[in-house]
Structure formats: C-alpha cells, structure tokens
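A.B. asks: For the sequence shown, position 195 (counting from the first letter as 1) is numbered 200 according to the numbering used here, and the numbering increases by one without interruption. Even glycine gets a Cβ: it sits at the ideal position worked out from N, Cα and C. These figures come from a predicted structure and were not determined experimentally. Got a structure here, written out as structure tokens. Questions coming.
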Amino acid sequence: MYLMKDITRDGNPILRQQSETVPYPLSAEDRKLGQKMMQYLEISQDPEQCEKYQLRAGVGLAAPQVGVGKLMAAVLTPPDEDDPEQISPFKAIMVNPVIVSSSVQQAALTVGEGCLSVDKEFPGYVPRSDRITVHYQDLDGAEHQVRLKHYPAIIVQHEIDHLHGTLFYDHIDKNQPSAGIEAKFLSIRAIKSAISNKDVIPN
Ligand code: NB4
Ligand code: NI
C-alpha cells in the first residue's frame, strides 16, 4: 500500500511532465498500479485507517503522484449530501482518460483545492468546467464514456491536469481575492472575477 512517503511532492519534475499512454493488454505492473491507487483512496477515506497510517485523505490520485508518468488515475467520490442530484458516487480507475467535452459553465469548490503533492496551502478558487464528458479505459481495456457534473467533474479535472503536468494552483488568479462567497458551487457569473481566462463566455 502507498503511504505519504511514497507521494511525490511539488518540485519533483515528474509532476510537471506529460504522462505516457498506457498500452493494452495491461501489464501486471500497470494493473497493480491502478489497484494500489484506488486502495490508497479507500484507506484514506476510512477515518480509523487514515489516522493509523497517517495519510492525507484523498478523493483522487494520479500516477505521477506515486512516481509513475503514465496516463492513469483513480477517483473515488464520497456521496455528497449537499447535492441530491448526485445519485451515486463515482468510482473509477481511469486509464488513458480524455475529456471529450466540457461545459462553458464554470464551477469551483468554495474551500479551494488541496493536493497530496502540494504541502503548501494555496487559497483561492480553482475555476473548472461544471460538466465534462470523459472517455477512458478500465483495467480490462473496456472503453467508458461518462458525463459528470459538479464535485465529481472537478475531481476528474484535477486528476487529468496531473497527467499533463498541471497543478491546481496554476489556475488560481493571484490578483483576485476569493473571500465572501458561501455557496458550495458557483456559476461563472458569481466567480467571474476569479477567472483569469477572460475569453470564456458565460452561457
Ligand atoms: C484531489 C482533490 C482536490 C480538489 C475536495 C476534497 C480532499 C484530494 C486531492 C479536487 C480533487 C488529491 C489528487 C479530501 C476531501 C471530502 C470527502 C470523505 C471521507 C475524507 C474525505 C475528505 F480529502 N479533497 N483531499 N484532496 N490529489 N475532499 N474530502 N471526505 O483528494 O492531490 O491529485 O474521507
Ligand atoms: Ni492533486
């Protein structure tokens, strides 16, 4: 199992590299990698085990964070009580994921984002697409295409960013404060001032 000592930290060049396509059939090693990443998330979300192994809780983990530059990430979203529309939590080991479409509508977690690979705190909104369609393969090579919104969509975008060498704080607008907003998810209009890409046109 992975422990915090196995997690690569900001400054390690692998976190800034483009990951490589994973070939099929999957090697035993690549399969193990996917399973171990999901295991980290499961253990870290169990309060007792999280404490026991001194982990930082995670809802997603990307291969570069365990030192492997391959297009693979695990996502495990806990049920969101504040979002009754979210029928079931999203759980997937995603291989070669590609975002095939994303909404113009933006959303951000009001609490900002934290990353297991970034020890420093970076307060501020991380504007992302509110909805995405992502295509990926599972460990058996089966192809999946799913539409995600809100919280799961934000997590998947954070993980896919890792696979392309991007970290969450790259998206934070350093010139705009983020105080005073209470809603959990915000439309692009509400957080317009925090969005650095001024070309994004609200729908
Ligand atoms: C990935 C997330 C950062 C923002 C939002 C959140 C936590 C991470 C990083 C979007 C994706 C990991 C991967 C949490 C967390 C809420 C739900 C359920 C019970 C504890 C858990 C805590 F831990 N981010 N950490 N950061 N990353 N929510 N929750 N709770 O997961 O760096 O690239 O277990
Ligand atoms: Ni991260």
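Alpha helix (DSSP H) containing Val-161: first to last residue?
C.D. replies: Where Val-161 is concerned, the enclosing alpha helix (DSSP H) stretches over 155 to 168.
A.B. asks: For His-163, tell me which candidate among Ile-98, Arg-133, Tyr-141 has the shortest Cα-Cα distance.
C.D. replies: Looking at the Cα atoms, Arg-133 is the closest of the given residues.
A.B. asks: Exposed or buried, which one is Ser-49 when buried takes at least 16 other CB atoms within 10 Å?
C.D. replies: Burial call: buried.
A.B. asks: Classify Met-6 as helix, strand or coil using the three-state DSSP reduction.
C.D. replies: Residue state, collapsed to three classes: coil.
A.B. asks: Pairing CB atoms from the stretch 20 to 27 with CB atoms from the stretch 70 to 79, are three or more of them under 8 Å?
C.D. replies: Yes: the two stretches touch, three or more of their Cβ pairs being nearer than 8 Å.
A.B. asks: Since Val-131 sits in a beta bridge, which residues does DSSP pair it with?
C.D. replies: Per DSSP, none; premise fails for Val-131.
A.B. asks: Give the DSSP-derived three-state secondary structure of Ala-195 in the structure shown.
C.D. replies: Confidence in Ala-195 is poor, its pLDDT being 30 and thus under 50, which makes the residue's placement unreliable; the coordinate value appears in the next sentence. The answer is coil: DSSP assigns Ala-195 none of H, G, I, E or B.
A.B. asks: Confirm the yes/no value for this check: CB of His-169, any heavy atom of ligand 2, distance under 7 Å.
C.D. replies: No.
A.B. asks: At the level of alpha carbons, what is the spacing between Gln-40 and Ile-98?
C.D. replies: Taking the straight line joining both Cα atoms gives about 8 Å.
A.B. asks: How far does the alpha helix (DSSP H) with Pro-52 in it extend, from its first residue to its last?
C.D. replies: 52 to 57 is the extent of the alpha helix (DSSP H) around Pro-52.
A.B. asks: Please find out if some non-hydrogen atom of ligand 1 comes closer than 7 Å to the beta-carbon of Leu-155.
C.D. replies: A small correction: the amino acid at residue 155 is His; Leu does not occupy that position in the sequence shown. Result no, Cβ not under 7 Å from ligand 1.
A.B. asks: Taking only three categories from DSSP, how would you classify Ser-106?
C.D. replies: Ser-106: strand per DSSP, three-state reduction.
A.B. asks: Classify Ala-80 as helix, strand or coil using the three-state DSSP reduction.
C.D. replies: Sequence inspection shows Val at residue 80; the Ala mentioned does not correspond to that position. Of the three classes helix, strand and coil, the one that applies to Val-80 here is strand, per DSSP.
A.B. asks: Since Gly-63 is in the beta strand (DSSP E), which residue starts that stretch and which ends it?
C.D. replies: Careful: Gly-63 lies outside any beta strand (DSSP E) and carries neither H nor E.
A.B. asks: Measure the alpha-carbon distance for Thr-138 versus Lys-57 and round it to whole angstroms.
C.D. replies: C-alpha separation (whole angstroms): 37 Å.
A.B. asks: Starting from Arg-36, trace the alpha helix (DSSP H) in both directions and tell me its first and last residue.
C.D. replies: That run of the alpha helix (DSSP H) goes 33 to 49.
A.B. asks: When every heavy atom of ligand 2 is checked, does at least one fall within less than 7 Å of the C-beta of His-176?
C.D. replies: His-176 Cβ: outside cutoff for every heavy atom of ligand 2.
A.B. asks: Could you compute how far the alpha carbon of Met-42 sits from the alpha carbon of Gly-63?
C.D. replies: Their backbone Cα atoms lie some 10 Å apart in a straight line.
A.B. asks: Cutting at 7 Å between CB atoms, please list the residues of its own chain near Lys-37, excluding the five before and the five after it.
C.D. replies: Closer than 7 Å at the Cβ level, and outside the excluded window around Lys-37, lies no residue.
A.B. asks: Got a sec: does ligand 2 put a non-hydrogen atom nearer than 7 Å to the Cβ of Ser-32?
C.D. replies: No, the Cβ of Ser-32 stays beyond 7 Å of every heavy atom of ligand 2.
A.B. asks: Go through its chain and collect everything with a Cβ distance to Ser-122's Cβ below 7 Å, but skip five positions before and after it.
C.D. replies: For Ser-122, where only same-chain residues beyond five positions count, the Cβ hits under 7 Å are Ile-12, Thr-13, Arg-14, Asp-15, Leu-20, Gln-70.
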